[in-house]
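*Asks:* Numbering (our numbering), first residue to last: 84 to 581.
1) Compute the distance between the beta-carbons of residue 201 and residue 332, then report whether it is under 8 Å.
2) Could you tell me the alpha carbon to alpha carbon distance between residue 525 and residue 519, rounded to whole angstroms?
3) Starting from the C-beta of residue 423, find all residues in its chain whose C-beta is less than 7 Å away, skip the five residues before and the five after it, and write them out in chain order.
4) What residues in its chain sit with their C-beta under 6 Å from that of residue 426, if we drop five residues either side in the sequence?
5) Which residue marks the beginning of the alpha helix (DSSP H) containing residue 279, and which one marks its end?
6) Is it a yes or a no for the segment 138-145 touching the segment 274-282, going by three-plus beta-carbon pairs under 8 Å?
7) Confirm, please, whether the CB-CB distance from residue 129 to residue 412 is below 8 Å.
8) Mapping DSSP to helix, strand and coil, what is residue 192?
9) Could you give the distance in angstroms between the alpha-carbon of residue 301 and the alpha-carbon of residue 149?
10) Taking the Cβ atom as the reference point for each residue, do residue 105 and residue 352 lie within a distance shorter than 8 Å?
11) Thinking C-beta only, is residue 250 closer than 8 Å to residue 268?
12) Is the number of C-beta pairs between the segment 243-260 and the segment 189-199 that are closer than 8 Å three or more?
13) Exposed or buried, what is residue 213 when buried is set at 16 or more other beta-carbons lying within 10 Å of its beta-carbon?
14) Might you give, ordered along the chain, the residues of its own chain that have their beta carbon closer than 6 Å to the beta carbon of residue 336, omitting 5 neighbours on each side?
15) Assign residue 172 to one of three DSSP states: helix, strand, or coil.
16) Quick check: the Cα distance between residue 156 and residue 441, rounded to an integer number of angstroms?
17) Given residue 235, which residues of its chain have a CB within under 6 Å of its CB, disregarding the five upstream and five downstream residues?
18) Have a look at 246, 187, 159 and flag the residue whose alpha-carbon is nearest the alpha-carbon of residue 369.
19) Looking at C-alpha atoms only, which residue of 532, 510, 528 is the closest neighbour of residue 543?
20) Figure out for me which residue from 506, 144, 348, 244 has the closest Cα to the Cα of residue 115.
21) Can you check whether the CB of residue 334 is closer than 8 Å to the CB of residue 126?
22) Between residue 428 and residue 486, how many whole angstroms is the CB-CB distance? I'm expecting something under 8 Å.
23) Compare the C-alpha of residue 327 against each of 527, 551, 496, 468 and name the closest.
24) What is the rounded straight-line gap between the Cα of residue 298 and the Cα of residue 179?
25) Would the segment 385-396 count as touching the segment 446-457 if we require 3 or more Cβ pairs under 8 Å?
26) Whole alpha helix (DSSP H) runs in the segment 197-261 with 4 or more residues, listed along the chain?
27) Residues in its own chain within less than 7 Å of residue 103 by CB, not counting five upstream and five downstream?
28) To which residues of the same chain is residue 272 closer than 7 Å at the C-beta, ignoring the five residues directly before and after it?
29) Quick one: give me the first and last residue of the alpha helix (DSSP H) that residue 526 is part of.
30) Would residue 121 pass as a contact of residue 260 if the rule is Cβ separation under 8 Å?
31) Among 111, 504, 539, 132, which residue has its Cα nearest to the Cα of residue 378?
32) Buried or exposed: where does residue 437 fall if 16 or more other Cβ atoms within 10 Å of its Cβ makes it buried?
33) Are there 16 or more other CB atoms within 10 angstroms of the CB of residue 374, so buried, or fewer, so exposed?
34) For residue 216 versus residue 264, is the C-beta distance shorter than 8 Å?
35) Going by beta carbon distance, what residues of the same chain come within less than 6 Å of residue 131, once the five residues before and after it are set aside?
36) Can you name, in chain order, every residue of its own chain whose Cβ lies under 6 Å from the Cβ of residue 579, other than the five neighbours on each side?
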């Protein structure tokens with residue numbers, strides 16, 4: 084076996100390992116949503132969505148902004164030293180003040196927040212407990228990701244959903260329709276898996292170290308644009324949609340929209356896996372100046388990935404009309420059109436997530452901030468215009484246009500940076516658009532053959548347009564050189580590599 088073939092096999096094994104963990108988590112998460120939808124009903128499911136929104140918004144603005152910087156600098160420290168201890172404590176020094184400030188703000192505002200959510204004030208404290216647990220799990224997952232231990236990262240994702248399912252199933256019958264009890268299950272799951280992760284990492288990896296000022300300076304300078312883009316992302320995400328929807332639709336409508344976004348989020352994890360794997364690798368490839376290899380990856384590898392995801396998302400649209408009411412109950416049947424429209428947003432997100440790691444690897448974080456601000460502005464304007472008239476479908480359409488804005492901007496930047504015709508990758512989302520149009524226009528039996536035929540014709544046209552499945556692509560994939568081996572064969576996370 085040649086070295087190039089061995090490296091490709093290692094890369095594919097890592098992708099498969101992370102994929103099994105992530106897809107397993109997706110399957111269990113789907114089962115959890117089925118149970119919750121049937122137990123809670125549309126109204127209480129909507130209230131649970133609002134409580135989770137409060138916790139996740141706090142996580143977004145106080146914690147997630149330092150995640151990308153941690154993975155970027157941590158992967159480089161691991162590549163050079165075989166450990167990420169200094170980067171870990173650099174991030175903790177940045178995170179604790181922001182997270183503490185966020186908790187203080189929520190605690191002081193607990194009375195109006197409780198009134199807005201329609202819960203007792205004790206529920207606000209429960210939201211903070213869930214935030215702390217989610218924060219701990221996010222930290223340990225980032226440690227595994229930065230150290231390229233994708234197998235353990237996949238286990239984290241899987242265990243989080245598995246423990247959650249056990250907790251939900253074990254709930255006493257009298258609590259099954261209480262969204263606060265369900266939120267306690269979420270917190271228990273995240274905290275349990277975080278404790279497991281700490282035990283796997285070991286005390287040596289967490290030992291305190293004195294962090295030089297230069298490390299703080301570099302990570303802060305890198306992460307400040309991410310902080311701004313995270314706060315901008317607050318207005319470009321589905322959480323902001325829920326805030327506007329609460330003005331115009333009942334809690335049952337919020338429940339329908341939340342189920343649609345939850346199902347779309349399960350599918351969107353497929354794109355997150357790809358982005359998760361690319362970031363550490365591209366960071367090293369950029370540092371080593373492998374520009375031609377990067378260009379080949381974007382122009383020849385990404386079309387296969389994007390076309391495959393586009394076909395998969397089209398199948399989700401195909402099954403939504405029958406599958407959603409069958410699985411979740413007839414009361415959730417109106418979530419199917421929301422899911423169909425959000426699949427178009429998901430292919431736009433796939434385009435964005437395929438190229439965003441390259442923008443990060445080049446250190447162009449202000450560009451990322453600008454893209455996030457543009458997407459957030461589009462989402463705000465479109466929500467205010469479309470939701471009053473079209474309700475939950477208007478919110479879904481606003482998400483499509485906001486995600487599409489992000490995708491076009493990031494593709495434009497990458498095209499200017501590496502050359503080539505990167506923007507034409509957007510055509511690979513055509514099968515999903517075709518499937519969604521058929522969903523909206525056709526009813527009954529003829530919808531299904533029409534979607535299959537239309538998507539098949541579109542896929543064949545794209546295969547011809549991008550010259551896919553040619554021999555030169557097989558040679559490229561066989562000789563693909565990833566500068567840092569990862570996955571099951573990557574060795575110890577915190578020990579020095581041989």
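The C-beta atom is built at its ideal place from N, Cα and C for all residues, glycine as well.
*Replies:* Straight from the coordinates:
1) no
2) 10 Å
3) 400, 403, 519, 522
4) 396, 399, 400, 515
5) 262-284
6) no
7) no
8) coil
9) 12 Å
10) yes
11) yes
12) no
13) buried
14) 475
15) helix
16) 15 Å
17) 227
18) 159
19) 510
20) 244
21) yes
22) 5 Å
23) 468
24) 16 Å
25) no
26) 204-229, 233-253
27) 237
28) 243, 246, 247, 250
29) That residue, residue 526, is in no alpha helix (DSSP H); it is neither H nor E in DSSP.
30) no
31) 504
32) buried
33) exposed
34) no
35) 262, 265
36) Low per-residue confidence applies at residue 579: pLDDT is 32, beneath 50, and the placement is therefore not dependable enough to give any value.
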